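In the working numbering, the protein residues as written are 96 to 312.
Written as structure tokens, this is what we have:
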């Protein structure tokens, strides 16, 4: 008696949650792309399925890179280059740099060590914490935020930033540090709640909260 064998089918196209999809939508598919701290490589695979060529995916640890490799194999994607490195340290010049799912301070540190800053480069950033610190550091390094979009997943609210390099280094005020170019109601509520908590230790944050309420509400 012969055994019946079942053909292993390739999964349907990869679907991202709202946070990662918002990140992916800001990427230029016809450019050289690198996803830093890729974890499972969901974003690179999603981009590859939509026409991006030769995407680079990096992580600092073997575990996430093994997960990334498994994802590429699962979806039959062969043109993603996996690199083990700290931030951008071993990444060749690219045009679009994705850094998502990290704290704002870590994202700023990674960008500060980028060796190929130029007027054509885009950074697509999604900080998990310290958005206001990231904005301050971006402008101090000569970057500018082009636009921001809110991405809500369950009860968590994130901002996704599209940035370019201008070389004009400057300081930004507190209101812009906390809100940036995101005037979405959900994000505003998150910021106001954050300022309320911070204001328990430093009253200046309560004053900033009132300023933002007057400006956006």
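Positions of the beta carbon are idealized from the N, C-alpha and C atoms, including for glycine. Just so it is clear, the structure is predicted and the values come from calculations on it, not from any experiment.
Output needed for residue i: all residues of its chain with C-beta closer than 7 Å, excluding positions within five of it in sequence on either side, in chain order.
i	result
residue 263	237
residue 142	119, 122, 124, 128, 150
residue 279	245
residue 223	196, 197, 198
residue 306	270
residue 300	290, 293, 294
residue 286	273, 274, 307
residue 99	With a pLDDT of only 46 at residue 99, under 50, the local geometry of the prediction cannot be trusted, and no value is derived from it.
residue 131	153, 182, 183, 192, 193, 194, 205
Considering only residues of the same chain and omitting the five flanking positions on each side of residue i, which have a CB-CB separation below 6 Å?
i	result
residue 127	189, 190
residue 192	129, 218
residue 195	118, 221
residue 181	155
residue 256	220, 240, 243
residue 185	178
residue 209	183
Taking the C-alpha atoms as reference points, what is the distance between residue i and residue j?
i	j	result
residue 137	residue 284	29 Å
residue 201	residue 265	20 Å
residue 295	residue 211	42 Å
residue 166	residue 241	31 Å
residue 156	residue 312	44 Å
residue 303	residue 198	23 Å
residue 309	residue 270	12 Å
residue 253	residue 247	6 Å
residue 293	residue 206	27 Å
residue 146	residue 152	16 Å
residue 272	residue 187	31 Å
residue 250	residue 281	10 Å
residue 297	residue 216	37 Å
Assign residue i to buried or exposed, taking buried as 16 or more other Cβ atoms, counted over all protein chains shown, within 10 Å of its Cβ.
i	result
residue 139	buried
residue 114	buried
residue 75	The structure shown has nothing for residue 75, since the chain only spans 96 to 312.
residue 133	buried
residue 112	exposed
residue 268	exposed
residue 277	buried
What residues in its chain sit with their C-beta under 8 Å from that of residue i, if we drop five residues either side in the sequence?
i	result
residue 261	214, 237, 238, 239
residue 102	Residue confidence for residue 102 is low, a pLDDT of 49 falling below 50, so the modelled location carries little weight; the figure read from the coordinates is stated next. Hits under 8 Å: none found.
residue 148	174
residue 176	149, 150, 151, 152
Under the assumption that residue i contacts residue j (Cβ atoms under 8 Å), give the Cβ distance between them as a whole number of angstroms.
i	j	result
residue 144	residue 183	Not confirmed; about 24 Å, so no contact.
Just checking, does the stretch 169-177 make contact with the stretch 111-123 on the three C-beta pairs under 8 Å criterion?
no
For the stretch 225-234 and the stretch 148-162, state whether three or more C-beta atom pairs, one from each stretch, are separated by less than 8 Å.
Segments in contact, no.
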